[in-house]
Structure formats: C-alpha cells, structure tokens
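Going by my numbering, the sequence shown opens with residue 1, and the numbers climb by one from there. Below is one structure, written out as structure tokens; the observations come after it.
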Amino acid sequence: MAQLNVNGKVRDFTAEADTPLLWVIREQLGLTGTKYGCGIAQCGACTVHIDGVPTRSCVRPVSSVDATEKIVTIEGLSADGSHPLQKAWAALDVPQCGFCQSGMLMAATALLKAKPNPTDKDIDEAMTNICRCGTYNRVRAGIKAVAQGSTKSAALAIVHTDGSTT
Ligand code: FES
Ligand code: FES
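This is the structure we're talking about:
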C-alpha cells in the first residue's frame, strides 16, 4: 500500500512501481477526468499538476511521486466549475468533443499562475497539448480572456474542498 496526495486528500493505492501515475489516478482513485491519449507524453490529455508543475502523467511512474507532493487533477481545479478558466471555457464554447480539454485546462492554469499576462509566444510555448478538434484559437482566446479579466494570482488559485490552495 502506498499513498498519494490528490486534490488535497491523501489517498491509498496499490500498484506496481512502474505503473504510470495516470492509471492510478483513473483506475484506483476513480478520477476519470484525466484522459489517456497517446501514452508517450506527446498529446497532453493526461496532464495533471504535481506541486504546481504541469506533468504528463502517462509517462510518470507512480513510484516517483510521494505523498508530500501535491497532485491536482481536473476534478481538483474547483469544486463547482468556478475556476476563472473553466468559466472562460464555458463562456467561449472552447471545448468541442472535450477529450483533450482537461489537459488543456491544467496546462493553461499552470501557465497563468506562472505568467498572469502571457504573450502569444508564452502561450505557444506552454500549450503544446494536441486537440484533434482544432480548438487552438479558442483555447488561446480563453487564456487571454482570463488574463485580461483577472491578473490577480489569488483568483487563479486552486481551492480544495478542505480549504487549502495550490
Ligand atoms: S496520454 Fe499522456 S501525453 Fe498523451
Ligand atoms: S476538443 Fe476534441 S480533441 Fe480537443
């Protein structure tokens, strides 16, 4: 039995050391918002935060993460879809099929936390996620809408159900 800290809670799991973090998150913890796309760190569908760093969980062995590191998945972005990026995504109809969008939102959240007013170049460098529906322009518009509407880092904080933030 091992433990992970996910969305503000310590969770128990059992898995082989080389099991990708993605599969523990999805199959053992039941957090299926994080998606499997390519399995080779190319598409970004599996992106979660580990201590605030966007990480492609399909290639991250679960044994390389311990319970002192804070993992945040799409389910932990907000309790009710009220994170500014989630609101912008809804207002601008960013998702099409939606499959890539959890990863997009996790990458965008980390970008805005690091750079509240990103340039196009910043966005291009940070948003390397692949979208088969071609939502790239709307993703960019959503990021810019949040950047222009709220440059305060507090508004971009991820608030967990226990009140802690990352
Ligand atoms: S599933 Fe992890 S990057 Fe594609
Ligand atoms: S919205 Fe369909 S793959 Fe991105």
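Even glycine gets a Cβ: it sits at the ideal position worked out from N, Cα and C. Being a predicted model, the structure only gives us computed values, none of them experimental.
Determine which residues share a DSSP beta bridge with Val-24 and list them. Beta-bridge partners of Val-24 (DSSP): none assigned.
Q. Which residue or residues does DSSP assign as beta-bridge partners of Phe-13?
A. Per DSSP, the beta-bridge partners of Phe-13 are Ala-2.
*At which residue ranges does the stretch 52-128 contain complete beta strand (DSSP E) runs of 3 or more residues, listed in the order of the chain?*
List check, beta strand (DSSP E) in window: 53-56, 70-72.
Alpha-carbon spacing of Asp-51 relative to Lys-70, whole angstroms: Cα to Cα, the separation comes out at about 5 Å.
(Q) Short of 6 Å in beta carbon distance, which residues of its chain neighbour Gln-96, apart from the five on each side in sequence? Order them along the chain. (A) Here the set comprises Cys-133, Thr-135.
| task | Pick helix, strand or coil for Ile-130, following the three-state DSSP scheme. | result | Residue state, collapsed to three classes: coil.
task = Please classify Ile-143: does DSSP put it in a helix, a strand, or coil?
result = The answer is helix: DSSP assigns Ile-143 an H, G or I state.
Apart from the five residues just before and just after Ala-15, which ones in its own chain have a Cβ nearer than 6 Å to its Cβ?
For Ala-15, the CB contacts under 6 Å within the same chain, skipping 5 residues up- and downstream, are Val-24, Val-62 in chain order.
- prompt: Relative to ligand 2, is the shortest distance from any of its heavy atoms to the C-beta of Gly-44 smaller than 7 Å?
  reply: Result no, Cβ not under 7 Å from ligand 2.
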